[in-house]
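Below you'll find the structure, written out as structure tokens, and then a few comments.
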Amino acid sequence: MFEGKTLTVRALETGFAELCFDNGAKPVNVFDRQTVTELSSALDALAGSQIKGLLVTSAKKVFIAGADISEFGPAFGAGKEQLKGFLSVNNANFNRLENLPFPSVVAINGFALGGGFEFCLACDYRILSSAAQVGFPEVGLGILPGWGGTVRSPRLAGLANALKWVAEGKQHRADDALVDGFVDEVVDPDTLRQAALARLKSAVDSPAAYRSRRQQKAQPLMISADQAAAIESSALEAIRKKLGDHYPAPQVAIKTMVSAVNKPFEEALEAEFDGFYRLSKTPEARALIGNFLSDQKLSSVARKYASASPGPVRRAAVLGAGTMGGGIAYQNAVRGFAVFMKDINQSALDLGIGEARGLLDKRVQRGALSQEKADSVLAAITPSLSYDGMAECDIVIEAVVEKEAVKKAVLAEVEREVPESTILASNTSSILISSIAEALERPENFCGLHFFNPVHAMPLVEVVRGQKTSDVTVARAVEHVLGMGKKPVVVNDCPGFLVNRVLFPYFAGFNLLMRDGADFKDLDRVMEGWGWPMGPAYLLDVIGIDVAVHAADVMADGFPDRLKLDFPQATHLMAEHKRLGQKNGKGFYLYESGAKGKLAKQNDPETWSILSSHVAERQRFGEDDIVARMMVPMCIEMARCLEEGITGSPAEADMALLYGLGFPRFRGGVFRWLEEIGMAQFCAMADRFSHLGKLYEPTEAMRGMAADNRRYYSQ
Ligand code: 3HC
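Here our numbering is used: the first residue of the sequence shown is 1, the next is one more, and so on.
What follows is the structure, given as structure tokens:
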């Protein structure tokens, strides 16, 4: 009946028709322009036909992943009318689908998200595979559903459920969708088509039911003003508690939906558009949509690197069974790799295995893993005091003590035990890969793999290319990091690599503020308010003050012009007084075990007495000054990393900070933030602090961008 590039409609023998989504050009079905246009044509064909009922299916594993996010840029950048034009074609499609002169049933076989799920709500009945998931992830992009999702969902599932689904933006499992009233039936994947056809037949046989369903969606909900206000305030309170005030989308979605719930359908759609338009113009939406696109870029760059790998790793080895080694061994095993964990001490091996067992036990307790699976994961880790078996490993990841001589000795030793094809990697965070490589016979087979702590929870791994690292080594390392379920970002070698290289200028900004009399609690409060999960003093306590001081000294040797600080630094003073942070219960703050074994942070007057004789008289700094003095050094260092080719692109660098440091998602990373404030503005901000030295001096290239009004992403 209709044959497009993204969907087809064909008549079935029963007098029904089947509309099947199958976007050949894309990895998943999405509502891109082509699909939206073809859906209009398919509806023309259906409207003029004699069929009795419509079955909707997908030939892809993902039913429909929503609007094509890569098309948002031009539509969002244009005016209100253009955005309306962008959305209204599909709104008209969904309305036409809902008013066809015969019933429709959608068989949802996989993810139906955002616009994909909104399409399903426009069908008369939704039959869901028990393996599928559905939901409205739009708030995660800083927007709200724009194809009738905010209008149809309260009318189908009730206002409270609809607010929860839209404002939380989660993907829901099939059983939740059924309980919350978003779907009509959940069935085994094998019987999905059959169940959907049976539902269609009964809808054709008794049309009153589906017609009343349409009526229900078309009518206002008519709930009392008091009830609506109560639901609204509890939904707003829940979302504020969870997200704070940095994410406007859930709040706008809640207010929009409540305001429209008693309106006629068309007016409610208008309200939805108004909310959508407002959000589309926010910096948060620009950042969050930017994150999605940058993440796509990160994945595609990684896939490109990995494509040059000579073959997947079959067996991995980890040297050193400390916290990092144990974590890396666990991550390998949990992703199905047999892993050999070597240490020189039995007690360290016991601790490494204990670390892995503890993580597995937690997953079993949460119901995320069966005991049987947990046992088999643990069995995949072979602890050993010798190199026996190492020769079968395709990759060896060194995670021994952070001392160059020890790393060199251990890696040179293991190099003699493994075949020439085995790649070696170091999990160092502060030693140059090219320096360690000097101890090796085959430096081309060696790279850095910088994991973040705790390994199982932190998505990022920096794959560090030393001067002599070969392309094949990088390819295989990237492929293995992907296999471990992590996000690899390839960077060139330099002190601190990428993430620590930009983090330490931020800490230098902190030490300068402390020198000038700032209160670290104010700095934490302001930077957490700016969006960081932890302020700088708290973060230093978590990292470990000794570790941070060591890394800061390495960085100062690497970049003395801006990181050699000629005054007693607060971090170093803390270390001298054995205040090492959470690890020994006192750093800038004092820590005590609280409920559920969590460390509670408290103020400690002793901290100030240690600092007071070395810093200026305590004074309050304005919030803007604190943000500028903390962020400017980080941004300038990031720009240097791009200019020097340490990172491949602004998108990869921004994602590295999001995944490695918890950079505020709604700001999108350093480059995205610079894009938002503008380079001229940034340079002016930096120049206010030029008296503080090179740390606050934008590069020539940055000044050039400011003068020519150029941007990082639009280049
Ligand atoms: N737009 C553009 N590309 C998309 C996309 C979308 N909505 N959804 C997925 N893709 C791309 C991915 O970026 C990836 O691209 P790549 O191969 O170039 O890296 C590819 O499709 C495959 O995706 P995944 O690797 O993520 O596949 P998974 O099977 O792991 O996950 C998924 C599938 C759960 C659907 C996941 O892709 C996802 O969450 N997608 C985003 C869903 C989303 O946010 N939808 C809302 C869109 S906004 C909207 O609909 C507005 C409307 O209300 C007006």
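Just so you know, even glycine gets a beta-carbon here, dropped at the ideal spot from N, CA and C. On a predicted model such as this, the values are computed, not experimentally measured, just so you know.
Span of the beta strand (DSSP E) around residue i
i    : result
Y712 : Neither: Y712 is in no beta strand (DSSP E) and is coded neither H nor E.
N492 : 487-492
A228 : No beta strand (DSSP E) holds A228; the alpha helix (DSSP H) holding it covers 225-243.
K84  : Looking at the DSSP string, K84 is not in any beta strand (DSSP E); the run it does join, the alpha helix (DSSP H), is 80-98.
C447 : 446-451
A11  : 7-11
I344 : Looking at the DSSP string, I344 is not in any beta strand (DSSP E), and its letter there is neither H nor E.
G169 : Looking at the DSSP string, G169 is not in any beta strand (DSSP E), and its letter there is neither H nor E.
A595 : Run containing A595: none; DSSP gives neither H nor E here.
Y589 : Taken as a continuous stretch (DSSP letters only), Y589 belongs to no beta strand (DSSP E), as it is neither H nor E.
A316 : 315-319
Residue i classed as buried or exposed, judged by whether at least 16 other C-beta atoms fall within 10 angstroms
i    : result
K487 : buried
N492 : buried
I344 : exposed
T481 : In the sequence as presented, Thr is not what sits at residue 481; that position holds Val. Classification of V481: buried, given that the 10 Å Cβ count is 16 or more.
T256 : buried
G597 : exposed
M222 : exposed
L269 : buried
N91  : buried
T191 : exposed
H172 : buried
E272 : buried
E81  : exposed
Q715 : At Q715, the pLDDT of 49 sits below 50, so the modelled position is not reliable; the number obtained from the coordinates is stated separately. When all chains shown are included, Q715 counts as exposed.
F567 : exposed
E617 : exposed
S157 : This sequence places Ala at residue 157; Ser is not what is there. A157 should be labelled buried.
V385 : Here residue 385 is Leu; the residue named in the question, Val, does not match the sequence. Looking at its Cβ environment, which holds fewer than 16 other Cβ atoms inside 10 Å, L385 is exposed.
K61  : exposed
D471 : exposed
S717 : The question about residue 717 has no answer here: the residues shown for the chain are numbered 1 through 715.
S429 : buried
L695 : buried
P189 : exposed
H456 : buried
Reference residue i, options the options, closest by Cα
i    : options                : result
R33  : N109, G115, L97        : G115
G535 : G558, F497, M630, H550 : M630
A11  : V36, S40, K241, A45    : A45
E576 : D546, Q346, A380, R688 : D546
T473 : G354, T422, F507, F504 : T422
D175 : R214, K164, L159, S130 : S130
A67  : F292, A235, E266       : F292
D624 : D541, D522, D561       : D522
M527 : I543, G544, G517, G509 : G509
A122 : E138, Q133, S153, S280 : S153
C641 : K586, R688, V499, A208 : V499
L319 : N99, T382, G662        : T382
Q216 : G581, D124, G290       : D124
V554 : E675, R501, G169, V632 : R501
N-terminal and C-terminal residue of the alpha helix (DSSP H) that residue i is part of
i    : result
G290 : 283-306
I543 : 536-543
F119 : 115-122
T699 : Segment: none, T699 is in no alpha helix (DSSP H) and carries neither H nor E.
E272 : 265-280
Y330 : 323-334
P383 : Element bounds for P383: not the alpha helix (DSSP H) but the beta strand (DSSP E), 381-384.
V252 : 248-260
K521 : 520-530
Q216 : 207-218
Beta-carbon separation (whole angstroms), residue i vs residue j, contact threshold 8 Å
i    : j    : result
S426 : K407 : 6 Å
G110 : F63  : 5 Å
T6   : F16  : Wrong, their Cβ atoms sit about 21 Å apart, outside the cutoff.
K52  : F2   : Not really, about 17 Å apart at Cβ, beyond 8 Å.
L573 : H614 : 6 Å
P495 : F559 : 7 Å
H550 : F497 : So it is not a contact: roughly 15 Å between Cβ atoms.
A570 : M514 : 4 Å
Y247 : E284 : 6 Å
F94  : S280 : At roughly 19 Å, the Cβ-Cβ gap does not stay under 8 Å, so F94 and S280 are not in contact.
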